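Peer 1: According to the UniProt record's numbering, the sequence shown is numbered sequentially starting from 1. The structure is given below, and queries will be raised subsequently.
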Amino acid sequence: MSEQTEKRLKYAKDIVLRCIGPRGLYAGTYRYKYQYWTRDFTLAGLYALLSLGQIDVIKRHLLNTARRQKKSGKIPIMFLQTKLGFASIHFKDWIGHPLTFVDQLRIYFKKGHLMGGGFSFSDITPWTNDGETLFIIGCIEYVNATGDREFLDKVWPNIQKAIQYIEKHIIKHGLVFGGDWRDVMPNLDYNILLSNNALLYRAYVLLEEAEKAETVKKLINDLFWTGSYYRDSLGSEDFDTLGQSLAIIYDIVPEQRFAAILEKYKEINSQYGYRTNNNVPDRSLITPRIQKLCDQFGTVWPFIAGFGILALIKMGQIEEAKKQFMKWPGFHEWYDPESGKGLGDKEQLWSAAMYLRVYDTLSPYLS
């Protein structure tokens with residue numbers, strides 16, 4: 001193990017441990033402190049907590065999420081430890097970036113979530129529809145890793161309500177619609193995304209709903225495949241690194257398509273790792289404000305780059321995976337792919353937790 005890797009492993013573990021709160025796992029040590037995100041927990045935090053032996057934190061987070069499930073079965077994508085703590089942290093951000101604050105308010109006004117009492121801390125991004133699948137995946141993957149049947153008995157009614165909510169409210173033509181991790185992009189609210197449907201497939205597999213899983217898998221392979229990669233959403237030709245990587249990791253993608261997809265990964269490569277997608281704003285337009293608003297276009301998010309590395313391992317590209325791992329830029333929320341400048345939360349949970357997950361997967365091949 002290199003000295004750099006050893007230092008980063010120690011730092012990543014430290015970040016994860018400092019994200020532990022009374023009700024579960026915070027999504028960061030500063031901007032996302034006091035915020036318990038279902039997405040960040042399931043996609044990255046769960047695996048780090050398992051490797052660190054923090055079983056009680058896993059159960060605490062999932063049980064607190066389950067307690068906040070709506071009567072409809074909807075699962076909150078995030079819940080707060082304290083509204084005051086949330087407000088105080090973001091007030092400092094808004095003071096420092098007033099124009100960005102105005103832009104964020106505009107999103108909520110446009111979607112009608114600031115009028116008539118529409119805004120709710122329990123449903124802070126109502127255009128995203130991945131909370132239910134992520135909750136199901138998190139619960140069952142924890143049980144599969146630990147054999148904790150007592151926990152499964154506790155949350156099984158919540159799991160059943162969550163899948164019923166999905167099938168009744170957010171499935172269209174056999175596939176889930178709505179936004180994903182790109183939660184400042186409300187324009188995705190009715191899109192059918194590769195990422196969310198890879199998660200739906202995974203949830204059905206874990207629920208041992210083989211027929212439903214195969215139906216979703218066939219639809220993904222028939223409708224999203226362009227001939228050289230899987231499109232981000234139906235009706236789009238964009239490439240989404242997270243969705244593509246999840247589809248590979250979850251065994252949705254046939255092996256004969258790997259070679260073509262690898263060419264696409266080369267296109268989104270940068271000196272700091274894989275970019276989130278192939279949508280790169282004109283650099284002449286990138287002022288600090290514009291760049292902040294474009295943080296989910298063509299930038300490097302370490303947790304997504306990490307999923308790209310896991311996909312490389314799945315496709316047998318071990319040497320390339322090792323090269324990408326050594327590019328890991330740090331544990332900020334996201335990075336400028338040209339300058340390497342870190343932005344967002346400086347200690348983002350899923351950036352650190354994903355580093356641990358990728359290292360554990362890649363470690364048998366590291367000298």
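The C-beta atom is built at its ideal place from N, Cα and C for all residues, glycine as well. These figures come from a predicted structure and were not determined experimentally.
Taking 6 Å as the limit between beta carbons, can you name the residues of its chain near valine 280, skipping five residues before and five after?
Peer 2: Low confidence applies here, because valine 280 scores a pLDDT of 48, under 50, leaving its location unreliable; read the following figure in that light. Taken in chain order, the residues that qualify are Gly298.
Peer 1: Let me check understanding here. Comparing Cα to Cα, which of Glu320, Lys172, Leu25 and Asn191 lies closest to aspartate 180?
Peer 2: Considering only alpha carbons, the answer is Asn191.
Peer 1: Rounded to whole angstroms, what is the Cα-Cα separation between isoleucine 124 and leucine 43?
Peer 2: Near 19 Å, if we compare the C-alpha coordinates of leucine 43 and isoleucine 124.
Peer 1: Of the residues Ile170, Lys327, Glu214 and Ala210, which one's Cα is nearest the Cα of glutamate 338?
Peer 2: Cα-wise, what sits closest to glutamate 338 is Lys327.
Peer 1: Less than 8 Å between C-beta atoms, sequence neighbours within five positions excluded: which residues of the same chain meet that for arginine 18?
Peer 2: Thr29 and Glu347.
Peer 1: Does the distance between the C-beta of asparagine 144 and the nearest non-hydrogen atom of the ligand NAD fall short of 7 Å?
Peer 2: This structure simply doesn't include the ligand NAD, nor any ligand for that matter.
Peer 1: Please classify leucine 46: does DSSP put it in a helix, a strand, or coil?
Peer 2: If DSSP states are grouped into helix, strand and coil, leucine 46 belongs with the helices.
Peer 1: Apart from the five residues just before and just after asparagine 269, which ones in its own chain have a Cβ nearer than 6 Å to its Cβ?
Peer 2: Correct list: empty, nothing qualifies.
Peer 1: Alpha carbon to alpha carbon, how far is asparagine 158 from glutamate 3?
Peer 2: Their backbone Cα atoms lie some 45 Å apart in a straight line.
Peer 1: Can you tell me which of Arg275, Ile261, Asn197 and Gly21 puts its alpha carbon nearest to the alpha carbon of tyrosine 335?
Peer 2: The residue with the shortest Cα to Cα distance from tyrosine 335 is Arg275.
Peer 1: Write down the C-beta distance between phenylalanine 239 and asparagine 196 rounded to the nearest angstrom, noting that I regard them as a contact closer than 8 Å.
Peer 2: Incorrect: roughly 16 Å between the Cβ atoms, too far for contact.
Peer 1: Which same chain residues end up closer than 6 Å to asparagine 132 when comparing Cβ atoms and leaving out the 5 residues on each side of it in sequence?
Peer 2: Checking the displayed sequence, the identity of residue 132 turns out to be glutamate instead of asparagine. Excluding positions up to five away in sequence, the list reads Ile75, Ala162, Tyr165 and Ile166.
Peer 1: DSSP three-state call for tryptophan 127: helix, strand or coil?
Peer 2: It is coil, neither helix nor strand.
Peer 1: Taking the straight line between their C-alpha atoms, what separation do you get for serine 363 and lysine 168?
Peer 2: C-alpha separation (whole angstroms): 42 Å.
Peer 1: At what residues does the alpha helix (DSSP H) containing methionine 326 begin and finish?
Peer 2: Counting along the chain, the alpha helix (DSSP H) containing methionine 326 begins and ends at 318-326.
Peer 1: So, valine 300 versus proline 254, is the Cβ gap smaller than 8 Å?
Peer 2: Not in contact: valine 300 and proline 254 (Cβ atoms no closer than 8 Å).
Peer 1: Residue 370 to lysine 71, Cα distance in whole Å?
Peer 2: Here the chain has residues from 1 to 367 only, and residue 370 is not among them.
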